[in-house]
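If you're matching positions, the sequence shown starts at 1 in my numbering and goes up one per residue. Some notes on the structure that comes next.
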Amino acid sequence: MKIKIYPKSPAPRHIQQAVDVLKEGGVIIMPTDSVYAFACLSTHPDGVKKMAELKGIPLEKANFSFVFSDLSMLGEYARKVNNET
């Protein structure tokens with residue numbers, strides 16, 4: 001399925017379709033500030049597995065980047081860093 005969302009006038013139904021794809025464990029392609037990127041929900045195992053398959057690497061060796069809506073979410077995915085190190 002291909003859905004094009006226009007940034008200046010995004011159609012709510014298209015945004016909802018993309019959200020539904022993510023919630024069902026799918027992968028979307030989205031623009032970033034410099035390139036297009038694959039995206040999935042990190043909390044959905046099927047999406048993470050599909051991302052590794054798209055990268056052509058075993059899931060155990062996959063390294064992913066994360067996008068958070070705010071820094072408070074970082075604590076759910078990263079260990080606390082010791083200020084002395």
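Cβ atoms here follow ideal geometry from the backbone N, Cα and C, with glycine treated the same way. Note that this is a predicted model, so its numbers are computed, not measured.
Can you give me the Cβ contacts of Leu104 inside the same chain, cut-off strictly under 7 Å, excluding the 5 residues immediately before and after it?
-> With the chain covering only 1 through 85, there is no way to say anything about residue 104.
Ala37 lies in the beta strand (DSSP E); which residues open and close that run?
-> Taking the first residue of the sequence shown as position 1, residue 37 is located at position 37. Per DSSP, Ala37 belongs to the beta strand (DSSP E) from Tyr36 to Ala39.
Rounded straight-line distance, which links the Cα of Glu84 to that of His44 = What you label residue 44 is simply residue 44 of the sequence shown in a count that begins at 1. What you label residue 84 is simply residue 84 of the sequence shown in a count that begins at 1. About 35 Å.
Whole angstroms is fine: what's the gap from Leu31's alpha carbon to Ser72's?
-> Against the sequence shown, residue 31 aligns to sequence position 31. Against the sequence shown, residue 72 aligns to sequence position 72. Looking at the sequence shown, residue 31 is not Leu but Pro. Roughly 23 Å between the two C-alpha positions.
First and last residue of the alpha helix (DSSP H) that includes Pro12?
-> Numbered from its first residue, the sequence shown carries residue 12 at position 12. Here the alpha helix (DSSP H) through Pro12 covers Pro12 to Lys23.
Exposed or buried, what is Gly56 when buried is set at 16 or more other beta-carbons lying within 10 Å of its beta-carbon?
-> For this step, residue 56 is matched to residue 56 along the sequence shown. That one is exposed.
According to the neighbour-count rule (16 or more other Cβ atoms, all chains shown, within 10 Å of its Cβ), is Gly47 buried or exposed?
-> In the sequence shown, the residue the question calls residue 47 occupies position 47. So Gly47 ends up on the buried side.
Closest Cα partner of Ala62 within the set Ser42, Leu22 and Ile5 = For this step, residue 62 is matched to residue 62 along the sequence shown. Out of Ser42, Leu22 and Ile5, Ser42 has the C-alpha closest to the C-alpha of Ala62.
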